[in-house]
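**Student:**
2 protein chains.
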Amino acid sequence: MSEHKTYSISQLAAEFGVTTRTIRFYEEKGMLHPERSGQTRIFSNTDRVRLELILRGKRIGMSLEESREIIDMYDPAGGNIEQYRYLLEQIDKREAQLQSQLLDIQDLLGSLSEVRQRTAVALKQALAQQSETSEQE
Amino acid sequence: MSEHKTYSISQLAAEFGVTTRTIRFYEEKGMLHPERSGQTRIFSNTDRVRLELILRGKRIGMSLEESREIIDMYDPAGGNIEQYRYLLEQIDKREAQLQSQLLDIQDLLGSLSEVRQRTAVALKQALAQQSETSEQE
DNA sequence: TATAACGTTGACGTTAACGTAAACTTTGAC
DNA sequence: GTCAAAGTTTACGTTAACGTCAACGTTATA
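So the protein lines, in turn, are chains X and H.
Everything in the first sequence is counted per the working numbering, starting at 71 for the first residue and increasing by one.
Everything in the second sequence is counted per the working numbering, starting at 71 for the first residue and increasing by one.
1) Quick one, are the C-beta atoms of LEU121/H and LEU82/H less than 9 Å apart?
2) Does any residue of chain X have a CB that is nearer than 9 Å to the CB of LEU115/H?
3) Quick one: measure Cβ to Cβ for MET143/X and VAL185/H, integer angstroms, because I've assumed they're closer than 8 Å.
4) Identify whether THR110/X lies in helix, strand or coil by the three-state DSSP scheme.
5) Where do the N-terminal and C-terminal ends of the alpha helix (DSSP H) with SER80/X fall, by residue?
6) Using a cut-off of 9 Å between C-beta atoms, extract the partners of GLN200/H located in chain X.
7) Assuming contact is defined by CB atoms lying nearer than 9 Å, are LEU179/H and LEU168/X in contact in what I supplied?
8) Among residues of its own chain, excluding the 5 on either side of GLN153/H, which ones have a beta-carbon nearer than 8 Å to its beta-carbon?
9) Strictly under 9 Å for the Cβ-Cβ distance: is THR189/H near chain X by that measure?
10) Can you name the residues of chain X whose CB is closer than 8 Å to the CB of GLN81/H?
11) If you follow the alpha helix (DSSP H) that SER117/H is part of, which residue opens it and which one closes it?
12) Using the beta-carbon of each residue, which ones in chain X are nearer than 9 Å to GLY131/H?
13) Should TYR77/X be labelled buried (16 or more other beta-carbon atoms within 10 Å of its own) or exposed?
14) Identify which residue in GLN160/H, THR92/H, GLN200/H, LYS194/H has its Cα closest to the Cα of LYS128/H.
15) Looking at the secondary structure, which residues open and close the alpha helix (DSSP H) in which THR92/H lies?
16) Ordered along the chain, which non-local residues of its own chain (more than five positions away) have a Cβ less than 7 Å from that of ARG118/H?
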């Protein structure tokens, strides 16, 4: 008995903190392919993973289209040589973009650290100032 | 003579690869504050830097509002203790979010590497297959 | 002086990514 | 059997982030 766990739409919605509308929207866009039991959608583990990928993509600022492109890389469509070459190209491009995104984030983290330093100092001074004036009373 | 270099709107647009409409839009949203010579906007270096920050924010998936919040951290508004404490809180939150974004990107980079491996192998096999059949002729 | 080139202010249009509401069906619990 | 919970479709609404005219002013230069 292979474990083909399935999920209802509201289960997935709750698990990932999105609305059912969002999930239906992703299906409408062809990014999820739940089966049906009558009208009701039944999501497989494959769909669950795809949903995770979509949401991770969103967190790092990717559009749904970009997420779709990346997800499509996971299970390559055709088996012809040109397609493989093209896919390798696309992978390299994405990788480069993600690397530069890494740099952007690291830069930002760096300057946030500085800002925190400055703010901490300013707070300390403000507190010193406060205790000074309260001694004066 | 302090160097107060200034820029026209199209200079900045060209430098950063955006349209003038975009820059005007950012001003409209209160994120840039160019001076005026008559009607014409004159951008200072401060505005240039802010524009850079906005665009970096965009690249890592931040909305303009989020960028604004971060930029506002750079020059803290008031000097009161509660504001400093609040600011430190915000800094910590942002930092945490950026860290998890780093993880997301690193994960993605990891799986892209795997995909590339698999694709490279598949391509190699396809090429081998091709030379085989061409020998047969 | 005319004619580009660059600038300006409206103002309406567009796309992505859902939100929201209505009207209806299906189903498990009492 | 009814009724609340969860599901469905259809369809219009909304927001962010600009794009795209139109109609106009200013400046350099040929």
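Where is the CB? At the ideal position from N, CA and C, for every residue including glycine.
Nothing here was measured: the structure is a model prediction, and the numbers come from that model.
**Tutor:** Based on what the coordinates show:
1) On the second sequence, position 51 is the one that residue 121/H refers to. On the second sequence, position 12 is the one that residue 82/H refers to. Yes.
2) Within the second sequence, numbered from 1, the residue matching residue 115/H stands at position 45. Before going on, a small fix: residue 115/H reads as Asn here, not Leu. No, ASN115/H lies away from the interface with chain X (no Cβ there is under 9 Å from its Cβ).
3) Counted from its first residue, the first sequence places residue 143/X at position 73. Counted from its first residue, the second sequence places residue 185/H at position 115. The pair is a contact, with the Cβ atoms about 5 Å apart (cut-off 8 Å).
4) Sequence index remark: in the first sequence, residue 110/X carries index 40 (1-based). It is a strand residue.
5) Residue mapping note: residue 80/X aligns to position 10 of the first sequence, counting from 1. Counting along the chain, the alpha helix (DSSP H) containing SER80/X begins and ends at 79-86.
6) Taking the second sequence and counting its residues from 1, one reaches residue 200/H at position 130. What GLN200/H touches in chain X: ILE151.
7) As a first step, residue 179/H must be located in the second sequence, where it is residue number 109. As a first step, residue 168/X must be located in the first sequence, where it is residue number 98. Yes, the Cβ-Cβ distance between LEU179/H and LEU168/X is below 9 Å.
8) As a first step, residue 153/H must be located in the second sequence, where it is residue number 83. Excluding sequence neighbours, GLN153/H sits near PRO146, ALA147.
9) As a working note, residue 189/H is residue 119 in the second sequence. At least one chain X Cβ lies under 9 Å of THR189/H.
10) Against the second sequence, residue 81/H aligns to sequence position 11. Chain X residues near GLN81/H: none, gap ~23 Å exceeds 8 Å.
11) Here the question's residue 117/H lines up with position 47 in the second sequence. It should be noted that the sequence gives Asp, not Ser, for residue 117/H. Looking at the DSSP string, the run of the alpha helix (DSSP H) that includes ASP117/H is 115-129.
12) The residue labelled residue 131/H in the question sits at position 61 within the second sequence. Within chain X, the residues near GLY131/H are LYS128, ARG129, ILE130, GLY131, MET132, GLN171.
13) As a first step, residue 77/X is located in the first sequence; it is residue number 7 there, counting from the start. Buried, by the Cβ-count rule.
14) The residue you call residue 128/H lines up with position 58 of the second sequence. Ranking the options by Cα distance to LYS128/H, first place goes to THR92/H.
15) Your numbering for residue 92/H matches position 22 in the second sequence. Run containing THR92/H: 90-98, per the alpha helix (DSSP H) assignment.
16) The sequence position of residue 118/H within the second sequence is 48, counting from 1. Correct list, in chain order: TYR77, LEU82.
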